[in-house]
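Letter 238 of the sequence shown, counting from 1, is numbered 254 in this note's numbering, and no numbers are missing.
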Amino acid sequence: MVLGKRVTRILSNLCKKSRMLVQHNFSEASEQDSASEEENEAYFDFEEKTAIVNGGASGIGFEIAKEFLQRGVPHLSIIDIDEQEGEKALAELAHEFGEDKVLFFEADVADAVQLDDVYRKSIQYHDVPDLIVNSAGIMNDTTWEKQIQTNMTGCVVGTLLGLQYMSKTSKGYGGIIVNVGSILGIIPSSGFPLHTMTQFGICGFSKALGCESEHILGNHISRTGVKVFAMCPGLTETRLLNAAPANAINNNFAKEFVDEVYGSSPQKAKSVAKGLSDIIDEAKPGSVWVVENDSIPYEVTYPGNILEMRKEKDKENISATSEATSVHN
Ligand SMILES: NC(=O)c1ccc[n+]([C@@H]2O[C@H](COP(=O)([O-])OP(=O)(O)OC[C@H]3O[C@@H](n4cnc5c(N)ncnc54)[C@H](O)[C@@H]3O)[C@@H](O)[C@H]2O)c1
């Protein structure tokens, strides 16, 4: 089955390339050159993508799975620790989109052996993924070791195993890995310091894997062909958020959290899924995006990477030296 899909994928990639070449040649001869190039850049065909959504049994992950299927993804696997929710999600999606399109596998994302096992099963049925979304997570500062395991280790394992199968260095086709972080990975919550730490970790990890420096060590994307970026939702209506105040370290932390979010109304998980799907192509490697208040996502601006900062420093040193030389002369 996989061999057949490989051939189909090669043919479809060739068709896509020739379609883009024809469009490009046409645009060269046309006055609408720039408009056509923009169209080419915006080309992202969900109908040719195989996807895995970790933590896809409920909340944001479930809505992302649904949105991908709505946009035409032909093969999608949900992986989740909650078997009951997973089976429910599978039944709903299979009913709406067709039984051959969706699979559910039970696994703990923080357990590399379990996750590898279900990635392999998914590949056996659906081929190597083009898209992986790491959305499994918990918000519970009382069980902070488990929270670190789920949110950080789970994100690392989901990403590294994804790279292992998707990377061009290991016979993959390249692709996209989206790590679902949180607004609390950008703006800390004093009510949830430990959850905050895990979310800053997810953003940092995603940024580091996306470094686009020309320096060989930082250039993950050109080596692997896998774009990694982070999508950070603001408050979103899910069972995780509903349970949050009861899962703060103690009543004082819970009160701080309630004060912090006072007056804000959580967005729909559907808005996160739509926002992510809208920017999935334009998002640069290592970029961090926020989607909040049911609005259009925006990219977070950070200082440059270490190599860029070093180059700036070098430039400053050179100009300081030449100024000193000219004064001296
Ligand atoms: N809801 C919010 O306000 C909000 C805001 C920002 C970020 N987030 C992030 O979005 C992600 C999804 O959360 P949600 O709000 O949809 O919550 P949710 O509880 O509805 O969904 C989380 C899913 O992850 C699964 N999961 C938990 N631990 C797992 C594990 N070890 N292995 C596999 N699956 C596991 C759960 O069973 C569940 O299906 C989380 O990473 C969360 O931090 C949520």
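Note that CB positions come from ideal geometry on N, CA and C, so glycine has one too.
| query | With a CB to CB cut of under 8 Å and the five nearest residues on each side skipped, what residues in its chain are close to Glu276? | reply | If you number the sequence shown from 1, residue 276 lands on position 260. Cβ within range, chain order: Ser205, Ser206, Gly207.
| query | Over what stretch of residues does the beta strand (DSSP E) that includes Thr66 continue unbroken? | reply | Within the sequence shown, numbered from 1, the residue matching residue 66 stands at position 50. Where Thr66 is concerned, the enclosing beta strand (DSSP E) starts and stops at 66–70.
| request: Return the first residue and the last residue of the beta strand (DSSP E) that Gly191 is part of. | output: As a first step, residue 191 must be located in the sequence shown, where it is residue number 175. 191–196 is the extent of the beta strand (DSSP E) around Gly191.
| said: For ligand 1, is there any heavy atom lying closer than 8 Å to the beta carbon of Ile97? | reply: The residue you call residue 97 lines up with position 81 of the sequence shown. Result yes, Cβ under 8 Å from ligand 1.
| Assuming Ile202 contacts Cys171 under a Cβ cut-off of 8 Å, what Cβ separation, rounded to an integer in Å, is found between them? | To locate residue 202, count along the sequence shown from 1; it is residue 186. To locate residue 171, count along the sequence shown from 1; it is residue 155. About 16 Å separates the CB atoms of Ile202 and Cys171; that is not less than 8 Å, and the two are not in contact.
| field | Supposed contact pair Gly291 and Val242 - C-beta distance, whole angstroms, cut 8 Å | value | Residue 242 sits at position 226 when you count from the first residue of the sequence shown. Residue 291 sits at position 275 when you count from the first residue of the sequence shown. About 21 Å separates the two Cβ atoms, so there is no contact after all.
| task | With a threshold of 8 Å, establish whether the CB of Cys219 neighbours any heavy atom of ligand 1. | result | Reading the sequence shown from its first residue, position 203 is the one you call residue 219. Because no heavy atom of ligand 1 lies under 8 Å away, the Cβ of Cys219 does not count as near it: no.
| According to the Cβ coordinates, are Ile95 and Ala126 closer than 9 Å? | Residue numbering aside, residue 95 sits at position 79 when the sequence shown is read from its first letter. Residue numbering aside, residue 126 sits at position 110 when the sequence shown is read from its first letter. No Cβ-Cβ contact shorter than 9 Å links Ile95 with Ala126.
| query | Can you give, in chain order, each stretch of the alpha helix (DSSP H) that sits fully within the stretch 143–187 and has at least 4 residues? | reply | 160–163, 170–182
| message | At 3 residues or longer, what runs of the beta strand (DSSP E) sit wholly inside the stretch 227–287? | response | List check, beta strand (DSSP E) in window: 242–249.
| task | Spell out a yes or no on whether the stretch 104–116 and the stretch 163–170 are touching, meaning 3 or more CB-CB pairs, one atom from each, closer than 8 Å. | result | Flag = no, the stretch 104–116 and the stretch 163–170 do not touch.
| message | Please return the same chain residues whose Cβ sits closer than 8 Å to the Cβ of Ala270, not counting the five positions on each side in sequence. | response | As a first step, residue 270 must be located in the sequence shown, where it is residue number 254. Same-chain partners within the cutoff: Gly207, Pro261, Ala262, Ala264.
| Reduced DSSP secondary structure (H/G/I, E/B, other) of Tyr318 | Indexing the sequence shown from 1 puts residue 318 at position 302. Of the three classes helix, strand and coil, the one that applies to Tyr318 here is coil, per DSSP.
| Cβ-heavy atom distance, Ser280 to ligand 1, below 8 Å | In the sequence shown, the residue the question calls residue 280 occupies position 264. Answer for Ser280: no, Cβ out of range of ligand 1.
| Okay, do the stretch 154–161 and the stretch 176–190 touch, 3+ Cβ pairs below 8 Å being the bar? | Verdict: no, contact absent.
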